[in-house]
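Undergrad: Residue numbers (the numbering used here): 321 to 757.
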Amino acid sequence: MAIEVVLGCQWGDEGKGKVVQLLAQGADWVARFQGGANAGHTIFVGGRRLILHQIPSGIVEPRARCAIGNGVVLDPLALAEEIAGLEAIGIEVRPRLTISPFAHLVTPLHKAAERLGRQDRAIGTTGRGIGPAYAEKASRSGLRVEDLLDPGRLGEGLDALRLRLRSEHGLGDAALDEAVGSGREDIRSRLEAAGRTLAPLVGDVSALLLESDDRGERILCEGAQGALLDIDHGTYPFVTSSSTTIGGVCTGLGIPPRRIGRVVGVVKAYATRVGLGPFPTEMEPGEADRFRERAGEYGATTGRPRRCGWYDALLARRCCRINGVDELFVTKLDVLGGIGRLRLAVAYEGRPGEAPDAPPGEAGGRDWLSSMRLERARPRYRDFPGWRGDLQAAARFESLPPEARAYLAALSAETGVPIGHVSIGPGRDQVLAVTAG
Ligand code: IMP
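(1) Between G378 and L468, what straight-line distance do the alpha-carbon atoms span, to the nearest angstrom?
(2) Between the beta-carbon of A544 and the beta-carbon of A359, is there less than 8 Å?
(3) CB of A359 to nearest heavy atom of the ligand IMP: below 7 Å?
(4) List the endpoints of the continuous alpha helix (DSSP H) containing A527.
(5) Here's the rule: buried if 16 or more other CB atoms are within 10 angstroms of the residue's CB, otherwise exposed. What is D550?
(6) Determine the extent of the beta strand (DSSP E) in which Q439 is found, giving its start and end residues.
(7) In angstroms with no decimal places, state the Cα-to-Cα distance between L653 and G745.
(8) Going by DSSP, which residues form a beta bridge with W331?
(9) Would a C-beta distance cut-off of 8 Å place P625 and Y668 closer than the cut-off?
(10) Leaving out the 5 sequence neighbours to the left and right, which residues in its chain are closer than 6 Å to G477 when beta-carbon positions are compared?
(11) When you compare only the Cα positions, how much space is there between A615 and F649?
(12) Taking the alpha-carbon positions, what's the A351 to R516 distance?
(13) Taking the C-alpha atoms as reference points, what is the distance between L540 and G355?
(14) Is it buried or exposed, G629, if we count other Cβ atoms within 10 angstroms and call 16 or more buried?
(15) Helix or strand or just coil, what does DSSP make of S461?
(16) Buried or exposed for M603, please, with buried defined as at least 16 other CB atoms from any protein chain shown within 10 angstroms of its CB.
(17) Could you compute how far the alpha carbon of K338 sits from the alpha carbon of S461?
(18) Shortest alpha-carbon distance to G335 belongs to which of G585, G503 and I409?
(19) Report yes or no: do the stretch 629-642 and the stretch 375-390 share at least 3 C-beta pairs separated by less than 8 Å?
(20) According to DSSP, is Q374 part of a helix, a strand, or is it coil?
(21) Round the Cβ separation of I331 and R593 to the nearest angstrom and send it over; I've been treating them as touching at under 8 Å.
(22) Does the Cβ of A480 have 16 or more other Cβ atoms within 10 Å, making it buried, or fewer, making it exposed?
(23) Does the distance from the C-beta atom of G523 to that of T418 stay below 8 Å?
(24) Count the other CB atoms within 10 Å of the CB of E674; is the residue buried (16 or more) or exposed (fewer)?
(25) With a CB to CB cut of under 7 Å and the five nearest residues on each side skipped, what residues in its chain are close to T571?
(26) Can you tell me whether D677 is buried or exposed, with buried defined as 16 or more other CB within 10 angstroms of its CB?
(27) Quick check on DSSP: helix, strand or coil for L540?
(28) Need the endpoints of the alpha helix (DSSP H) that H296 sits in, please.
(29) Counting pairs of Cβ atoms below 8 Å between the stretch 596-610 and the stretch 380-395, do you hit three or more?
(30) Can you tell me the Cα-Cα spacing of V587 and R725, whole angstroms?
(31) Rounded to the nearest angstrom, what separates V645 and P705 at their Cα positions?
(32) What is the C-beta distance between S743 and V751, in whole angstroms, given that I count them as a contact (C-beta under 8 Å)?
(33) Just to confirm the assignment, what range does the beta strand (DSSP E) spanning Y727 have?
(34) Quick check on this structure: which residue in F717, C639, A620 and R627 has the alpha carbon closest to the alpha carbon of I363?
(35) Classify E324 as buried or exposed, calling it buried when 16 or more other Cβ atoms lie within 10 Å of its own Cβ.
(36) Have a look at S459, S690 and L370 and flag the residue whose alpha-carbon is nearest the alpha-carbon of Y556.
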């Protein structure tokens, strides 16, 4: 049986947690391959709202084993807390979770580096130390999970990182402690304690997944963030620091592309973005405020109000093509109920290049959509009449109002991918399989 992948195809916050929770039913493994505690996957278990940051959402499926791959940057202190929180409500975690020894570590020093480097303000990052941890990884000076298990190496690595931070920012020892919010020994002993907790969980994720696949078991890979936040293919520099697109699955877990059989692309029925960067279909402030309230669009990790806008089929199409998406999972359709006019961006006016209406890549490749160009892009919309009433009661796709089905049909056609499922409410069972249109 081939490996399945769930990927966000917008700017993150597409509702992947719920999608994974659904698809994880019957799965043998659910694996995270990139990102870290910047993710916030909201799921509902027994009427309780849970936000998972590092542990795969599949953990709520009692049969599934979960993996954190080498492509993740792991905050061991936050992970130990997340494990304790889940175990406190009766979800067994430790016997079912495997962590790659090659995942890089995020420590309080990395979070301080993010604040000192002002990336948090220039890009609107989540403050979880993601950028500095991936920067250390790429410059080959990072600390990995295997170092967490060796107090000597951990201490040396932390001291070297302290020295680099001090010299980069011209700080004395005490000033660094103040910027970090705790001292050298305190950080070290807390990390050593987390290392003792996590040591039994460390294992060869790549080998375990490949052996499981050899046995014909079901493996689900869970993306965090979305394609437009990808370090290469997103709206650089307003992106996260990892590969959120399909290639990240292979490098972040150690699995070959040919083992991947099905790619589910998750999109919201509209668009949101947290942090700075271009957002061509963003609503005007007053409209966005009203929309945010009705949609409850506040960051799961940071609580920040999300920027709100209309579905951008050009960008979604590009994300789906890069990821090789087989089917769309459209979330939060119910949120659009009661809005008189729904908008779908299908082209940009006045784009550079020869064919302003052409989908990206179809004007001889000369009208690529960089952040700079997207800042200037003016979307051209197709408008659709909305529907009245609550969708949440719909039992079948066919019983959705015709306006909702027409909107979805256009969304699918303009994105160039069929829709497999539509989510019409926060509950796990509020999902309709699409049988037509
Ligand atoms: P970082 O990942 O914390 O470095 O933040 C980089 C950018 O990605 C910022 O604009 C964040 O708001 C955004 N970002 C990171 N993680 C998420 C997420 O899980 N959902 C939505 N946006 C995110």
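A virtual CB, placed ideally from N, CA and C, is assigned to each residue, including glycine.
Keep in mind it's a predicted model, so treat the numbers as computed, not measured.
TA: In this structure, then:
(1) 25 Å
(2) yes
(3) yes
(4) V525 to D534
(5) buried
(6) First-last for Q439: Q439 to A442, but that is the alpha helix (DSSP H), not the beta strand (DSSP E).
(7) 8 Å
(8) For W331, which the question treats as bridged, DSSP gives no partner whatsoever.
(9) no
(10) L463 and D467
(11) 18 Å
(12) 22 Å
(13) 16 Å
(14) buried
(15) coil
(16) buried
(17) 36 Å
(18) G585
(19) no
(20) coil
(21) The sequence as given places Trp at residue 331; Ile does not occur at that position. Right, their Cβ atoms sit about 4 Å apart.
(22) exposed
(23) yes
(24) The predicted position of E674 is uncertain, since its pLDDT is 39 and thus under 50; a value taken from the coordinates is nonetheless stated next. Label assigned to E674: exposed.
(25) G391 and S563
(26) The pLDDT assigned to D677 is 48, lower than 50, so where the model puts this residue is not dependable, and the model offers no usable value.
(27) strand
(28) Nothing can be reported for residue 296, as the shown portion of the chain is limited to 321 through 757.
(29) no
(30) 16 Å
(31) 28 Å
(32) 5 Å
(33) Premise fails: Y727 lies in the alpha helix (DSSP H), P722 to T735, not in any beta strand (DSSP E).
(34) A620
(35) buried
(36) S690
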